[in-house]
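J.: I'd like to ask you about the structure that follows.
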Amino acid sequence: MRVVILGLLIAFIAGCAAVSTPSITGGREPQQVTEDSETAIENSFMALMNQTSDGERSRAVAQYLDRQRDFYYIAHGMMNTFDNELNLLHQRKESGTELTAEDFQKFNQISFQMRIAREFSERNLHEMLGIYELALIHANDPQATDHRASLWIVTNVSDWLQKSARTGDRSAVISLAEHLEDVNRAQREKFAEKKMKPIRIPSFEKHYRVSKDVLSAAYEQSLKFAKERKKTLFDSFIGQKWSEFEKNRLAQAADEMMQWNDATRSPQALDELYPDSGGKGHVTGNRFPKNTWAITLDDGPHPTHTPGMFKVLTDAKMTGTFFWLTKSIKSYPKLVAQAGTLGFNRGSHSYTHANLPKLNQAGLNHEINDAADGFKEAVGADFTLFRCPYGSCGPMGSKIRQMIADRKALHIAWNVDTLDWQDKNPQSIYERAKKQMDVRGNGIVLFHDIHSQSVEALRLLTGYIQKKGYSVRALPDIIGDVREKSFSSP
Ligand SMILES: [Zn+2]
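Just so we're aligned, residue 214 is where the sequence shown starts under this note's numbering, counting upward by one.
Structural data, given as C-alpha cells:
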C-alpha cells in the first residue's frame with residue numbers, strides 16, 4: 214500500500230513540475246492541446262472507461278476517486294496550516310506587536326505554499342466533479358455503452374464518502390460531499406426541466422448537512438490533522454518551489470507578489486502600471502493605498518449566488534469586480550446587464566476555466582480571444598481586466614500574459630485568498646478573510662460567486678469592514694490612483 218501511495222505522490226509531483234493536473238493517463242508527457250476544460254474532462258472519462266469489463270471500469274473509477282480525494286486532503290491540510298500560521302500572526306498584531314519584515318517573509322511563504330496547494334487541488338477538484346457529472350449522465354442514459362459501470366459508480370459514491378469521513382479528514386469530506394451534491398442538484402434540475410424521471414440521482418445531503426457543532430468539531434479535527442500531519446514528498450516539493458521562487462524574485466523585482474505592505478512605500482511607486490506581459494501588467498493589490506481594498510468575485514455568473522452577491526454588496530454600499538466565464542455569461546445575459554446597471558465592474562476569467570498553460574495556440578485563442586468576443590457581445594465593451602483560471606498564466610513574460618496585454622487588459626491577481634471554494638463554513642471563511650486583511654493592510658480579496666457559503670461569508674465580512682473603517686473601492690479607480698492616470702473597465 215505504501216508503495217502505491219509513494220507512486221501516486223511521485224506521479225503527482227511530476228505532474229506539478231510540468232504545471233499540469235496529475236493526469237489519469239499516467240506517465241505520458243503532457244502535450245499542449247486545444248482542449249477547453251470540458252473536452253479535457255471528457256477525454257479523462259473516456260480513458261477511465263476504456264477497460265475490458267464493467268468490473269474493471271468501476272475499479273478504475275474507484276481508484277481515480279481515491280486519488281483525487283487524497284489530493285484534496287493535502288490541500289485541505291495546507292489550508293489548515295495556513296490558518297494556524299495566520300492565527301499566530303494575527304494574534305501578535307492584535308496584541309500590539311509591530312510585525313517585522315521577517316513576519317511578512319514567513320507570511321508570504323505560507324501564502325505561497327497555500328497558493329501552490331490550492332492551484333493543484335482546485336484543478337483536481339474541478340476534474341473530479343466533471344468526471345462524476347459524466348458518470349451521472351451516463352448512469353441515467355440506458356443507451357450509453359458504459360451505462361452499467363456508471364450506474365455502479367453513482368450508486369457507490371455515498372458509501373465511499375461515508376468511509377472517507379471515518380478514516381480521513383472529516384472536514385475535507387464534508388466539503389467534498391457538498392461539491393458532489395451541487396452536481397446532483399444540477400442534474401435533477403435538468404431532468405425536471407425536461408419533465409423526465411431520472412433512473413438514479415443520489416443525494417449526499419446527509420454527508421454535509423450537519424449541525425454547527427459537528428461542523429466546528431470537524432474543523433478542529435482538521436486543524437489538528439494539519440498540525441500532526443506527517444510531512445510528505447509534497448512538502449519538500451513545495452519547499453523546493455519556494456526556494457526557486459526566492460531566487461527568481463531577485464531577478465523579478467517588478468513582480469508584486471513578494472512586496473508586503475510597507476507604509477513607507479508610496480502608492481505611486483508603480484505609476485507605470487499598464488497592459489504588459491511582465492510585472493507592470495500584473496496587479497496583486499500590495500501597492501494599494503493603506504486600508505484600501507477591492508473585492509473580486511470569480512467563476513460566475515450563477516443564477517442564485519451572483520444575485521446574492523449583488524445584494525450583499527449593495528446592502529453594504531460597497532462595490533466589487535466580477536471575473537466571469539464567457540460560457541456562463543452566455544447563459545445569464547440578464548445578470549451581466551444587471552451588474553452593469555448596479556455599477557459593478559466586469560472582467561474576464563476565460564471562456565471555460567481551462568488551465569491555460571496546458572493549451573496550445575488554438576486553445577488559448579478560444580480561452581482569451583473568443584472569450585473577449587463573447588464578453589463584448591454581452592457587456593457592450595471590451596474587458597480591461599482579466600484573471601487567469603487558478604491564477605495560472607505562466608511566468609512573467611509568458612505568451613498567455615502577452616495575449617492578455619494585447620487585448621489591452623491588466624492581469625488581476627489577489628493577496629487575500631478566502632479559500633471559499635474549498636471551505637464550506639462561512640464563519641471560517643470570514644475569519645480567514647478578515648485576519649488576512651488586518652495583517653496585509655491593503656489589496657485585493659478573492660471570493661467566488663458560485664457558492665452559497667461565499668455569499669454568507671462576504672455578508673459577515675462587509676460588517677467587519679464597516680466596523681474597521683476599511684475603504685472598499687472600485688478596482689479600476691484604485692488602479693487609476695496607483696498609476697496616477699485614469700483606468701476604466703466596463
Ligand atoms: Zn476561477
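Just so it is clear, CB atoms sit at the ideal spot from N, CA and C, and this is done for glycine as well.
I'd like to confirm the pairing. Which residues does DSSP put opposite D511 in its beta bridges?
T.: D511 is bridged to F536 and H661.
J.: Which word fits T517, buried or exposed, when buried means at least 16 other C-beta atoms lie within 10 angstroms of its C-beta?
T.: Per the 10 Å Cβ criterion, exposed.
J.: Tell me, please, which residues DSSP counts as bridged to D636.
T.: None; D636 has no bridge partner.
J.: Can you find the residues in the same chain that come closer than 6 Å, C-beta to C-beta, to H566, ignoring five residues on each side of it along the sequence?
T.: Answer for H566: S250, L538 and P602, listed in chain order.
J.: May I ask you to report which of helix, strand or coil DSSP gives G656?
T.: Three-state result, G656: strand.
J.: Could you check what DSSP says for L623 in three-state terms: helix, strand or coil?
T.: In the structure shown, L623 sits in a strand (DSSP, three-state: E or B).
J.: Go through its chain and collect everything with a Cβ distance to A618's Cβ below 6 Å, but skip five positions before and after it.
T.: Cβ within range, chain order: P488, D489, S490 and G494.
J.: Assuming T505 and S701 are in contact, meaning their beta carbons sit under 8 Å apart, how far apart are those beta carbons, in whole angstroms?
T.: That pair is no contact at about 18 Å.
J.: By Cβ distance, which residues of its chain are closer than 6 Å to Q434, with the 5 residues on each side in sequence left out?
T.: So the list reads R383, once near-sequence residues are dropped.
J.: Taking the alpha-carbon positions, what's the K547 to L312 distance?
T.: One C-alpha to the other measures close to 46 Å.
J.: Just the residues with CB closer than 6 Å to a heavy atom of ligand 1, in chain order, which are they?
T.: Going by the Cβ distance cut-off, the answer is D511, D512, H562, H566 and P602.
J.: Taking L598 and N558 to be in contact with their CB atoms under 8 Å, please state how far apart those CB atoms are, rounded to whole angstroms.
T.: Sure, about 7 Å apart at Cβ, within 8 Å.
J.: Find out if the Cβ-Cβ distance for the pair S709, A362 is shorter than 8 Å.
T.: Outside the shown range of the chain (214 to 703) lies residue 709, about which nothing can therefore be said.
J.: Looking at A390: is its Cβ nearer than 8 Å to the Cβ of F417?
T.: Against a cut-off of 8 Å, the Cβ pair of F417 and A390 comes out as a contact.
J.: Tell me the DSSP bridge mates of H495?
T.: H495 pairs with H624.
J.: Within 10 angstroms of the Cβ of I263, are there 16 or more other Cβ atoms? Answer buried if so, exposed if not.
T.: The sequence given here has Asn at residue 263, not Ile. The residue in question, N263, is exposed, as its Cβ has fewer than 16 Cβ neighbours within 10 Å.
J.: Any chance the stretch 509-525 sits against the stretch 648-668, with 3 or more Cβ pairs inside 8 Å?
T.: In short, these stretches touch, since the Cβ pair count reaches three.
J.: Count the other CB atoms within 10 Å of the CB of L182; is the residue buried (16 or more) or exposed (fewer)?
T.: Missing from the structure shown is residue 182; the chain here goes from 214 to 703 and no further.
J.: Taking the continuous beta strand (DSSP E) assigned at N558, which residues delimit it?
T.: N558 to S561 is the extent of the beta strand (DSSP E) around N558.
J.: Thinking C-beta only, is R686 closer than 8 Å to A507?
T.: Going by C-beta atoms, A507 is nearer than 8 Å to R686.
J.: Nearest to V592 by alpha carbon, out of G553, R328 and I691?
T.: Out of G553, R328 and I691, G553 has the C-alpha closest to the C-alpha of V592.
J.: Within the same chain, show all residues whose beta-carbon is closer than 6 Å to that of V496, passing over the 5 residues directly before and after it, in chain order.
T.: Cβ neighbours of V496 beyond the five flanking positions: L623 and I625.
J.: Tell me which same chain residues have a C-beta within less than 6 Å of the C-beta of R401, skipping the five on either side of it?
T.: Same-chain partners within the cutoff: I414.
J.: Going by beta carbon distance, what residues of the same chain come within less than 6 Å of L278, once the five residues before and after it are set aside?
T.: If we look at L278 and ignore the five residues flanking it on each side, it has no Cβ neighbours.
J.: Taking 8 Å as the threshold (C-beta atoms), are I366 and A348 in contact?
T.: Going by C-beta atoms, A348 is nearer than 8 Å to I366.
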